[in-house]
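Student:
Chains as they are written, first to last, in the UniProt record's numbering: chain A, 1 to 206; chain B, 1 to 220.
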């Protein structure tokens, strides 16, 4: 569909590179028209109706069947819905906690968004605690919102943690490599010594 | 595009660049043109003061530090040139109510200072992973007493020139994004200098591509 997009997979692209949509010269009357879909990940943006623009410098990657994205060495985290992060509670005011996760503003976490929390049974969270939470609202227009419970109401690993332990800041690329299904870094680490690891996609590691 | 006069030479000094050399900022780059050397650092998108926040765009702040002394009026005017160029090429609407800070430190000045600031800024913004619609580069032209156009002049050549011009050129259509001129020159000479700068910018953009390719070569 986008000429040259598949050819450029694995190559280094810079901002300003454009891909344009091929216009089909002849339409077949016997075969149904198959609409082709392309899913754009980070680093690629749609410009107008027929153009694709590269906005970050990096390597173009492809995942079957039709996902494309640009992989780069970014250090700053930008929140995205559904990602799990490690946040530090900074403010505890009334019904809402404010968390610092390393982004441009602080995220809010309601006290009811914990497993088994009710108005009477408040969770035991103090300022300075580490929280492993998931974004439910994360776009550029609104304040990011986190929850410590999944859609079924169970904690599933989310929540307050880390009474003893160390928090490290690492690059986003290392975090993605650790979270891969068959991660080489993680398997090497496990061979060295057994450890309990919490990996936040905002570049924080506990 | 204007015809380039036979007596011009589109020769640029040796380039050098390094990305991610500082550990604290989100993106950093150093750019060397001959003996002129600049380090750029980018922080962002980060928290912004309520007084400075813009509701639909990111707030870009540029700080230029000279080699000795405190920043003065000359640095302020150069900051404005760099900021306008960056704002034209960055996609600021993707990070509203955030701040982007660009700090440029002059290490050594041997002519073409503003062009070197622009080049270092572009490489640092790319290194930080900020979304940009196009790349930009800076090219300086000087017209000397014999009305010859010299690209990328040294400090000595700048001193004996009768006109000095710096243009910021974008990578998609080689158009002029920003111009900063000093001295006296005719309209025809201005157009010639723009044409020469557009031609020279191709070398700079090819250098950007090669640097980025080398940087990601371990990932390929």
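Heads up, the beta-carbon is just placed ideally off N, CA and C, and yes, glycines get one too.
Is it buried or exposed for residue 229 (chain B), if we count other Cβ within 10 angstroms and need 16 for buried?
Tutor: Within the shown structure, residues of chain B are numbered from 1 to 220, placing residue 229 (chain B) beyond reach of any answer.
Student: So, using beta-carbon positions, are residue 121 (chain B) and residue 177 (chain B) closer together than 9 angstroms?
Tutor: Contact flag unset, no.
Student: Along the beta strand (DSSP E) that carries residue 27 (chain B), what are the first and last residues, could you check?
Tutor: Residue 27 (chain B) -> beta strand (DSSP E) spans 27–33.
Student: Consult DSSP for residue 148 (chain A) and reduce its assignment to one of helix, strand or coil.
Tutor: Here residue 148 (chain A) sits in coil by DSSP.
Student: Spell out whether any CB of chain B is found under 9 angstroms from the CB atom of residue 57 (chain A).
Tutor: Yes, its Cβ sits closer than 9 angstroms to a Cβ of chain B.
Student: Roughly how many angstroms separate the alpha carbons of residue 44 (chain A) and residue 53 (chain A), rounded to a whole number?
Tutor: So the alpha carbons of these two residues sit roughly 6 angstroms apart.
Student: Is the shortest distance between the beta-carbon of residue 175 (chain A) and the beta-carbons of chain B less than 9 angstroms?
Tutor: So no, residue 175 (chain A) is outside the interface.
Student: Exposed or buried, what is residue 108 (chain B) when buried is set at 16 or more other beta-carbons lying within 10 Å of its beta-carbon?
Tutor: Exposed is the call here.
Student: Which residues, taken in chain order from the UniProt domain "Exoribonuclease phosphorolytic" (135–199) of chain B, show a beta carbon closer than 7 angstroms to some beta carbon of chain A?
Tutor: Listed by position along the chain: 135, 171, 172.
Student: When the Cβ atoms of the region 52–62 of chain B are set against those of the region 91–103 of chain B, are three or more pairs found closer than 8 angstroms?
Tutor: With a cut-off of 8 angstroms, the region 91–103 of chain B and the region 52–62 of chain B count as touching, because enough Cβ pairs lie within range.
Student: What ranges does the beta strand (DSSP E) occupy inside the region 35–109 of chain A, keeping only unbroken runs of at least 3 residues that lie completely in it?
Tutor: Fully enclosed beta strand (DSSP E) runs of 3 or longer: 44–47, 51–54, 58–63, 67–71, 84–93, 96–100.
Student: Quick check on residue 149 (chain B): does DSSP put it in helix, strand or coil?
Tutor: Looking at residue 149 (chain B) - three-state DSSP - the assignment turns out to be strand.
Student: Can you tell me whether residue 8 (chain B) is helix, strand or coil according to DSSP?
Tutor: In this prediction, residue 8 (chain B) has a pLDDT of 48, which is less than 50 and means its spatial position is unreliable; nothing more can be read from the coordinates.
Student: Between which two residues does the beta strand (DSSP E) harbouring residue 16 (chain B) extend?
Tutor: Segment 15–19, the beta strand (DSSP E) holding residue 16 (chain B).
Student: Tell me which same chain residues have a C-beta within less than 7 angstroms of the C-beta of residue 174 (chain A), skipping the five on either side of it?
Tutor: Same-chain partners within the cutoff: there are none.
Student: Run through DSSP, which three-state label would residue 3 (chain B) get?
Tutor: Reliability of the predicted coordinates at residue 3 (chain B) is poor, the pLDDT of 37 falling under 50, and the value obtained from them is presented with this limitation in mind. Residue state, collapsed to three classes: coil.
Student: Please report the residue range of the beta strand (DSSP E) in which residue 170 (chain B) lies.
Tutor: Residues 161–170.
Student: If you scan the region 82–119 of chain B from start to end, which runs of the beta strand (DSSP E) of 3 or more residues do you find wholly inside it?
Tutor: Counting only runs of 3 or more, we get 99–108.
Student: Ignoring anything shorter than 4 residues or poking outside the region 176–204 of chain A, list the alpha helix (DSSP H) runs there in chain order.
Tutor: For the region 176–204 of chain A, whole alpha helix (DSSP H) runs of length 4 or above, ordered along the chain, are 184–192.
Student: What first and last residue would you give for the beta strand (DSSP E) that runs through residue 62 (chain B)?
Tutor: First-last of the beta strand (DSSP E) with residue 62 (chain B): 59–65.
Student: So, are the CB atoms of residue 209 (chain A) and residue 184 (chain A) less than 9 angstroms apart?
Tutor: Since the first and last residues shown for chain A are 1 and 206, residue 209 (chain A) lies out of range.
Student: Let me confirm a value: residue 67 (chain A) is counted as buried when at least 16 other C-beta atoms fall within 10 Å, else exposed. Which label applies?
Tutor: It counts as exposed.
Student: Closest to residue 57 (chain B) by CA distance: which of B:145, B:90, B:163, B:12 is it?
Tutor: Residue B:90 is the option with its Cα nearest to residue 57 (chain B).
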